[in-house]
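Participant:
Protein chains in written order, with this note's numbering: chain W, 916 to 1035; chain S, 500 to 858.
1) Is there a Cβ from chain S that is less than 8 Å from the Cβ of residue 930/W?
2) Straight-line CA distance for residue 752/S to residue 696/S?
3) Could you name the residues of the same chain whose beta carbon sits closer than 6 Å to that of residue 677/S, not counting the 5 residues immediately before and after it, in chain order?
4) Quick check: residue 976/W and residue 948/W, are their CB atoms within less than 8 Å of each other?
5) Which residues in the same chain have their Cβ closer than 8 Å to the Cβ of residue 843/S, if we skip the five residues on either side of it in sequence?
6) Taking residue 581/S as the reference, give the member of 605/S, 601/S, 543/S with the closest Cα.
7) Expressed to the nearest angstrom, what Euclidean distance is found between the alpha-carbon atoms of residue 940/W and residue 925/W?
8) Please report whether the beta-carbon of residue 583/S lies at a distance below 8 Å from any beta-carbon of chain W.
9) By Cβ distance, which residues of its chain are closer than 6 Å to residue 845/S, with the 5 residues on each side in sequence left out?
10) Quick check: is any heavy atom of the ligand PLP less than 7 Å from the C-beta of residue 752/S?
11) Answer with yes or no whether the minimum CB distance from residue 671/S to chain W is below 8 Å.
12) When the Cα of residue 779/S is compared with those of 798/S, 747/S, 810/S, 508/S, which residue comes out closest?
13) Residue 658/S and residue 683/S: beta carbons closer than 8 Å?
14) Provide the residue(s) that pair with residue 920/W in DSSP beta bridges, ordered along the chain.
15) Could you give the DSSP three-state label for residue 733/S: helix, strand or coil?
16) Is the beta carbon of residue 931/W less than 8 Å from the beta carbon of residue 1024/W?
17) Which ranges would you report for the alpha helix (DSSP H) in the segment 601 to 673 of chain S if only whole runs of at least 4 residues count?
18) Taking 6 Å as the limit between beta carbons, can you name the residues of its chain near residue 647/S, skipping five residues before and five after?
19) Sort 718/S, 715/S, 763/S by Cα distance to residue 734/S and report the nearest one.
20) Here's a check: name, in chain order, each residue in its chain whose Cβ is nearer than 6 Å to the Cβ of residue 619/S, leaving out the five neighbours to either side.
Here it is in structure tokens:
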């Protein structure tokens, strides 16, 4: 599976990246929104894991762009901080498939990614 | 008036020299600052690179006391590396905030393996309040429970920020047992701090409330208000009498919180207590009494509630009508009769609440 991770915190992004790489996924790593959107268009990942708050383009813009794409049915998981429930609601309205609240467990993230893969 | 040609040449030379010297000084200082900033940035990049390449992998593994670990040169303990080590602590805390489970445990392990707790303790022991507060924050974020006793001494610190961090720290270490700092708290506790502490306790299982009665008698009004909030939130019925005693407090804020708490901890006699309280209360607290009565009044309070309908304030009339409709048997009938035979305002109120209140 090709998974795109959009997260501006380097260490969190790298940690998720290593965890999912070890499980055999191909990872595309982005620290800001515009780069993530560009990579989604050009490299067509199977799953996008995106933080809500990103520099240059927000996680909501990414969800919206992914769900507007006709080339491929891409699944989106949103990472949000506690207290951003209304934004998560908006993300689901835009078509997000799953969400996780920070702080999160890497094991749970991995299980949810597998579940998203199963949906496909 | 001083004219240009009247200024001596030596003065002009001196002034020019002074201006040039100042400009050179500014340039030198700017250059030095930029160099320091570049060095700091480079150091940050190196630490970041170390974390990116190594730390994130280490976070995955199952580490233990026997796991071999070598501290990289740039993070070796010592004054020379204090900036890099402080940056590392910041990174670890930031990551720990976002992760739970094994990875979060590994972060603490790494913090301890790198000996970063000595840096946090040094901050905690610093004379400057902001460094002390930062040190406390780092120690509780990294779950250094061994420091609890020492931090506990600062829960009543003269400095507000140190005090706030210390109070949060003892709760982080000991949960509800950490609330014992209320026994000795003599300094103020802001509304914001009270919210932070309650927020911190919310995910925990309700714990030790043995001291609630003592805290409700505290000479510190903020401790009493905070305890009333806890009593209300966790429905601590065993302190009902102490809450009722708070209604006699000269502090209107304490009385307001006690009235609110009684909604949750009151019994069948409480409405009568509140009715008595209403007469003695301030204009600001009277509506709070009525809000509480709306949740607990019975037919026994009907004479008082009917008096409210004759109050010149339409808001009181409306509130009284709401309570009658909600809490008294035949309340709707009583209000309807009043609407037909009383002043036009009663008819308006009756029509207003008839469809607006769910009985």
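No residue lacks a Cβ here, since even glycine has one placed at the ideal position from N, Cα and C.
Facilitator: Well, looking at it:
1) Between residue 930/W and chain S, the shortest Cβ-Cβ separation is below 8 Å.
2) Looking at the two C-alpha atoms, the distance is approximately 19 Å.
3) Here the set comprises 669, 670.
4) It is a contact, given that the beta carbons lie within the stated cut-off.
5) So the list is empty, once near-sequence residues are dropped.
6) Selection 605/S, 601/S, 543/S evaluated against residue 581/S yields 543/S as nearest (Cα-Cα).
7) Near 19 Å, if we compare the C-alpha coordinates of residue 925/W and residue 940/W.
8) It does not; no Cβ of chain W falls within 8 Å.
9) Here the set comprises 837, 838.
10) By its list of ligands, the structure shown contains no ligand whatsoever, and the ligand PLP lies outside what it can speak to.
11) False, the Cβ-Cβ gap to chain W never drops below 8 Å.
12) For the set 798/S, 747/S, 810/S, 508/S, the Cα lying nearest the Cα of residue 779/S is the one of 747/S.
13) Not a contact, by the Cβ cut-off of 8 Å.
14) Residue pairing by DSSP puts residue 920/W in a beta bridge opposite 944/W, 964/W.
15) DSSP places residue 733/S outside both helix and strand once states are collapsed to three, so it counts as coil.
16) Contact: yes.
17) Counting only runs of 4 or more, we get 601 to 612, 615 to 624, 628 to 640, 647 to 651, 659 to 673.
18) Hits under 6 Å: 672.
19) Among 718/S, 715/S, 763/S, the Cα nearest to that of residue 734/S is on 763/S.
20) Only 634, 637, 638 meet the Cβ criterion.
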